[in-house]
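Trainee: Here the sequence shown is numbered in this note's numbering, starting from 1 and rising by one per residue. We put the beta carbon where it would ideally sit given N, CA and C, even for glycine.
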Amino acid sequence: MILTWRGKGEMNAKRDESLPGSNPATCESVVRKLIERGVIIPDPDRTYVDESVDVASSAVLYPGTHLRGKTSIGPACRIGPDCWIEDSSVEDGAVVRYSVVESARIRAGSSVGPYAHLRPGADIGPEARVGNFVEVKAARLERGAKAGHLAYIGDADIGPDVNVGAGAITCNYDGTAKHRTVIEPGAFIGSNASLVAPVRIGEGAVIAAGSTITEDVPPGSKAFGRARQVNKPEAPRPEVPKAEEGEAHDR
Numbered sequence: 001m002i003l004t005w006r007g008k009g010e011m012n013a014k015r016d017e018s019l020p021g022s023n024p025a026t027c028e029s030v031v032r033k034l035i036e037r038g039v040i041i042p043d044p045d046r047t048y049v050d051e052s053v054d055v056a057s058s059a060v061l062y063p064g065t066h067l068r069g070k071t072s073i074g075p076a077c078r079i080g081p082d083c084w085i086e087d088s089s090v091e092d093g094a095v096v097r098y099s100v101v102e103s104a105r106i107r108a109g110s111s112v113g114p115y116a117h118l119r120p121g122a123d124i125g126p127e128a129r130v131g132n133f134v135e136v137k138a139a140r141l142e143r144g145a146k147a148g149h150l151a152y153i154g155d156a157d158i159g160p161d162v163n164v165g166a167g168a169i170t171c172n173y174d175g176t177a178k179h180r181t182v183i184e185p186g187a188f189i190g191s192n193a194s195l196v197a198p199v200r201i202g203e204g205a206v207i208a209a210g211s212t213i214t215e216d217v218p219p220g221s222k223a224f225g226r227a228r229q230v231n232k233p234e235a236p237r238p239e240v241p242k243a244e245e246g247e248a249h250d251r
């Protein structure tokens, strides 16, 4: 519904048919047909599906799910609650919770969310996992790769069974152009690591937590790109005079 101001305290209300849920009759009809075909929809009144969407039987659409455009949902998928999926494919048995998915592919048995954002070109491989507050753009995660929390993966190729730690990012943009990061199978990316593209992390390599990596890392190597920790003896702390009993003071 679009509200426009007419002046003198009056407003016009006009329905915009391009908005999701703006045509309740059509949406209700689509949802009803899905239920008849074997799609499980616990709360039809709060599930929104475009006519152009294809949903396989045995899929589950939880409340707050919005499926838009050329989206397809495979058998036994669990979508929602509270997901926006547009122009994307979600394959057999995948799970998507509390997430936004745009022009992406989620392959069979993978898991997305909660609170993940898959941007155009994201391709999540079979049995891969994209977890809490992870953003993926123009990147492919191969089978079994994991980015569990608070990571940014942009313009990257992530090999099978790679583990991306919390806070790790691919630094893909130099201010002028985008560059790709390649992480080969079985590599381990420590928390808060920054991989400055273009860069390649070799098979089975380990990136130490907090490192900034600007050069290729050979297979099986351990890379440290941070300052060495220095511990210094604690300096004596000045004594603070104790306040007299009953004396008011602010600290």
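In whole angstroms, what is the alpha-carbon distance linking G165 and S191?
Mentor: In the sequence shown, residue 165 corresponds to position 165, counting from 1. In the sequence shown, residue 191 corresponds to position 191, counting from 1. About 4 Å.
Trainee: According to DSSP, simplified to helix, strand and coil, what is L150?
Mentor: One-based indexing of the sequence shown puts residue 150 at position 150. L150 falls in the coil class under three-state DSSP.
Trainee: Relative to the C-alpha of A128, which candidate in G121, T181, A94, E86 has its C-alpha closest?
Mentor: Mapped onto the sequence shown, residue 128 falls at position 128. Comparing Cα positions, the closest option is A94.
Trainee: Report all residues from its chain with a CB closer than 8 Å to the CB of T71; omit the five preceding and five following residues, and keep chain order.
Mentor: Translated into the one-based positions of the sequence shown, residue 71 becomes position 71. So the list reads D50, S52, V53, D54, I85, E86, D87, S88, S89, V90, once near-sequence residues are dropped.
Trainee: What residues are listed by DSSP as bridge partners for N163?
Mentor: Within the sequence shown, residue 163 is the residue found at index 163, counting from 1. According to DSSP, N163 bridges with K146, F188.
Trainee: Measure the alpha-carbon distance for C83 versus H66 and round it to whole angstroms.
Mentor: For this step, residue 83 is matched to residue 83 along the sequence shown. For this step, residue 66 is matched to residue 66 along the sequence shown. If I take the Cα positions, the gap works out to 6 Å.
Trainee: Considering only the beta carbon of each residue, do A156 and T176 sit closer than 8 Å?
Mentor: Here the question's residue 156 lines up with position 156 in the sequence shown. Here the question's residue 176 lines up with position 176 in the sequence shown. Result no, Cβ atoms of A156 and T176 do not sit closer than 8 Å.
Trainee: With DSSP run on the structure shown, which of helix, strand or coil describes I183?
Mentor: Within the sequence shown, the letter at position 183 stands for residue 183. I183: strand per DSSP, three-state reduction.
Trainee: Provide the residue span of the beta strand (DSSP E) that contains R68, from first to last.
Mentor: Here residue 68 refers to the residue found at position 68 when the sequence shown is read from its first residue. Per DSSP, R68 belongs to the beta strand (DSSP E) from 66–68.
Trainee: Among A56, A205, A187, I213, whose alpha-carbon lies nearest the alpha-carbon of A197?
Mentor: Here residue 197 refers to the residue found at position 197 of the sequence shown. Of the listed residues, the one whose Cα sits closest to A197 is I213.
Trainee: How would you label V100, buried or exposed, when you count the other beta carbons within 10 angstroms and need 16 or more for buried?
Mentor: Here the question's residue 100 lines up with position 100 in the sequence shown. By the 10 Å Cβ count, V100 comes out buried.
Trainee: At what residue ranges does the stretch 20–100 contain a whole run of the beta strand (DSSP E), taking only runs of 3 or more?
Mentor: Those beta strand (DSSP E) runs which fall completely within the stretch 20–100 and span 3+ residues are 66–68, 84–86.
Trainee: For L34, is the classification buried or exposed, using 16 other Cβ atoms within 10 angstroms of its Cβ as the cut-off for buried?
Mentor: What you label residue 34 is simply residue 34 of the sequence shown in a count that begins at 1. Classification for L34: buried.
Trainee: What are the boundary residues of the beta strand (DSSP E) that R200 is part of?
Mentor: For the purposes of this step, residue 200 is taken as residue 200 along the sequence shown, with counting starting at 1. Counting along the chain, the beta strand (DSSP E) containing R200 begins and ends at 199–201.
Trainee: From P236 to L195, what does the alpha carbon distance come to, in whole angstroms?
Mentor: Residue mapping note: residue 236 aligns to position 236 of the sequence shown, counting from 1. Residue mapping note: residue 195 aligns to position 195 of the sequence shown, counting from 1. So the alpha carbons of these two residues sit roughly 40 Å apart.
Trainee: Can you tell me the Cα-Cα spacing of V240 and G80, whole angstroms?
Mentor: The count along the sequence shown starts at 1 and reaches residue 240 at position 240. The count along the sequence shown starts at 1 and reaches residue 80 at position 80. Distance between the alpha carbons of V240 and G80 is about 56 Å.
Trainee: What does DSSP give as the partner residues of S194 in its beta bridges?
Mentor: In the sequence shown, the residue the question calls residue 194 occupies position 194. DSSP output for S194 lists I169, T212 as bridge partner(s).
Trainee: When DSSP labels each residue in this structure, what does R105 get in the three-state scheme?
Mentor: Residue mapping note: residue 105 aligns to position 105 of the sequence shown, counting from 1. R105: strand per DSSP, three-state reduction.
Trainee: Would you identify the three-state DSSP class for R140, choosing helix, strand or coil?
Mentor: Here residue 140 refers to the residue found at position 140 when the sequence shown is read from its first residue. Three-state result, R140: strand.
Trainee: Name the one or two DSSP bridge partners that N132 has.
Mentor: The sequence position of residue 132 within the sequence shown is 132, counting from 1. Bridge partners of N132: H149.
Trainee: What is the DSSP secondary structure of A156, reduced to helix, strand or coil?
Mentor: Here the question's residue 156 lines up with position 156 in the sequence shown. Reduced to three states, the DSSP call for A156 is strand.
Trainee: Starting from the C-beta of N132, find all residues in its chain whose C-beta is less than 8 Å away, skip the five residues before and the five after it, and write them out in chain order.
Mentor: Start at 1 with the first residue of the sequence shown, and residue 132 comes out as number 132. Excluding residues within five positions, the ones whose Cβ falls inside 8 Å are G113, P114, Y115, A116, G148, H149, L150.
Trainee: Assuming R78 and S57 are in contact, meaning their beta carbons sit under 8 Å apart, how far apart are those beta carbons, in whole angstroms?
Mentor: Position 78 of the sequence shown, counted from the start, is the residue given in the question as residue 78. Position 57 of the sequence shown, counted from the start, is the residue given in the question as residue 57. Not quite, the Cβ-Cβ distance comes to about 14 Å (not below 8 Å), so this is no contact.
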